[in-house]
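Chemist: Got a structure for you, written out below as structure tokens; questions coming shortly.
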């Protein structure tokens with residue numbers, strides 16, 4: 503049995519239309535800067551990648567100064583590949599790698615992704 507979305511809320515699915523038109527910005531209440539309106543639902547890696555590129559382009563147009571994007575995930579998730587692909591589309595991007603930041607003396611049971619670290 504499915505549940506209905508609360509009144510006034512969109513169902514968690516991707517809107518139709520061009521991907522670039524699905525990225526929306528909203529001005530922060532406490533600042534002069536803009537931020538991305540979350541996109542509900544699941545995206546393929548390919549679609550998600552182009553959404554991130556479009557979001558960075560829009561943020562760079564609307565905001566003064568640096569745009570900082572964090573990429574997180576467990577070991578082997580593809581963070582480095584993703585950021586290298588971003589760099590090929592946006593050559594002005596600077597990647598700050600956090601590879602090999604773990605203190606090997608604190609690794610628990612050989613698991614670098616243990617949340618207790």
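Numbering (this note's numbering), first residue to last: 503 to 619.
Beta carbons are placed, not taken as given, at the ideal position from N, Cα and C, and that holds for glycine.
Every value quoted in this text rests on a predicted model; they were computed, and no experiment measured them.
List in chain order: all unbroken beta strand (DSSP E) runs of 3+ residues lying wholly within the segment 526 to 600.
Modeler: 527 to 529 and 536 to 538
Chemist: Tell me the rounded alpha-carbon separation between residue 545 and residue 601.
Modeler: Position 43 of the chain shown holds residue 545. Position 99 of the chain shown holds residue 601. Approximately 26 Å, taken between the alpha carbons.
Chemist: May I have the straight-line CA-CA distance separating residue 527 from residue 534, to the nearest angstrom?
Modeler: On the chain shown, residue 527 is found 25 positions in, with the first residue counted as 1. On the chain shown, residue 534 is found 32 positions in, with the first residue counted as 1. Straight-line Cα distance between these residues: approximately 12 Å.
Chemist: Name the residue from 613, 555 and 593 whose alpha carbon lies nearest to the alpha carbon of residue 578.
Modeler: Here residue 578 is taken as the residue at index 76 of the chain shown, counted from 1. Among 613, 555 and 593, the Cα nearest to that of residue 578 is on 613.
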